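Scroll down for the structure; my scribbles are underneath it.
Residue numbers (this note's numbering): 449 to 581.
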C-alpha cells in the first residue's frame with residue numbers, strides 16, 4: 449500500500465508554457481495517468497496548441513472560471529464543476545478567451561501517460577483567442 453499527499457502549490461510551474469502548468473503525477477508517484485493543474489488568465493491557452501492525441505484520452509475538470517474548448521464542430525463552454533472528456537484522435541484546443549472576466553483553473557487528466565502522441569491540428573477558421581475569423 450502507498451499513500452501520498454501533494455501540495456500542488458509546492459510543485460514548481462513548468463517553464464516556457466503559455467499559462468501556469470503544475471505537473472502533479474510525478475510528485476504523487478502516479479505512473480498510469482498524467483495529472484496537471486492549469487491556471488490560465490484571460491487570453492491564455494492551455495498547452496498544447498490545437499491538437500489531438502493518437503492514444504491518450506483526456507479529461508478537463510474545471511475548478512473555477514469557464515474553460516473554452518474549441519473543436520472542429522463548435523466551441524464548448526465548460527463551467528466550474530463540469531468535466532470535458534476527449535477521445536483519442538479528437539482535435540481540440542483548450543483556452544481562456546481574451547474576453548473572459550476571470551482566470552480559469554482546472555485539472556487535466558490523460559491516460560495512458562504517453563509522450564509524443566500529440567498530433568497538431570491545422571485550422572484557419574479561428575484566430576488566436578478562439579473566435580471565428
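In this text, a Cβ means the ideal position worked out from N, Cα and C, and glycines have one as well.
Please read all numbers here as calculations on a predicted model, not as lab measurements.
If contacts are defined as beta-carbon pairs under 8 Å, then residue i and residue j qualify, I think. What distance do you get, rounded to the angstrom?
{"i": "residue 514", "j": "residue 548", "result": "7 Å"}
{"i": "residue 561", "j": "residue 480", "result": "7 Å"}
{"i": "residue 508", "j": "residue 556", "result": "5 Å"}
{"i": "residue 526", "j": "residue 505", "result": "No, residue 526 and residue 505 are not in contact; Cβ-Cβ is about 16 Å, not under 8 Å."}
Using a Cβ-Cβ cut-off of 8 Å (strictly less than) and excluding sequence neighbours within five positions of residue i, which residues of its own chain qualify?
{"i": "residue 467", "result": "486, 487, 488, 489, 492, 493, 494, 495 and 544"}
{"i": "residue 512", "result": "528, 550, 551, 552 and 553"}
What's the call for residue i, buried or exposed, on a 16-neighbour Cβ count within 10 Å?
{"i": "residue 531", "result": "exposed"}
{"i": "residue 516", "result": "buried"}
{"i": "residue 451", "result": "exposed"}
{"i": "residue 564", "result": "exposed"}
{"i": "residue 541", "result": "buried"}
Do the CB positions of residue i and residue j come within less than 8 Å of each other?
{"i": "residue 539", "j": "residue 499", "result": "yes"}
{"i": "residue 475", "j": "residue 453", "result": "no"}
{"i": "residue 501", "j": "residue 566", "result": "yes"}
Excluding sequence positions up to five away, which residues of its chain have a Cβ less than 6 Å from the Cβ of residue i?
{"i": "residue 483", "result": "472, 473 and 557"}
Worksheet entry | Start-end ranges of the beta strand (DSSP E) lying completely within the stretch 519-568, minimum 3 residues | 523-527, 531-534, 541-543, 552-559 and 566-568
Item to complete: Run through the stretch 477-519 for me and flag every whole beta strand (DSSP E) of 3 or more residues, listed as ranges in chain order.
Response: 482-488, 499-501, 505-512 and 514-518
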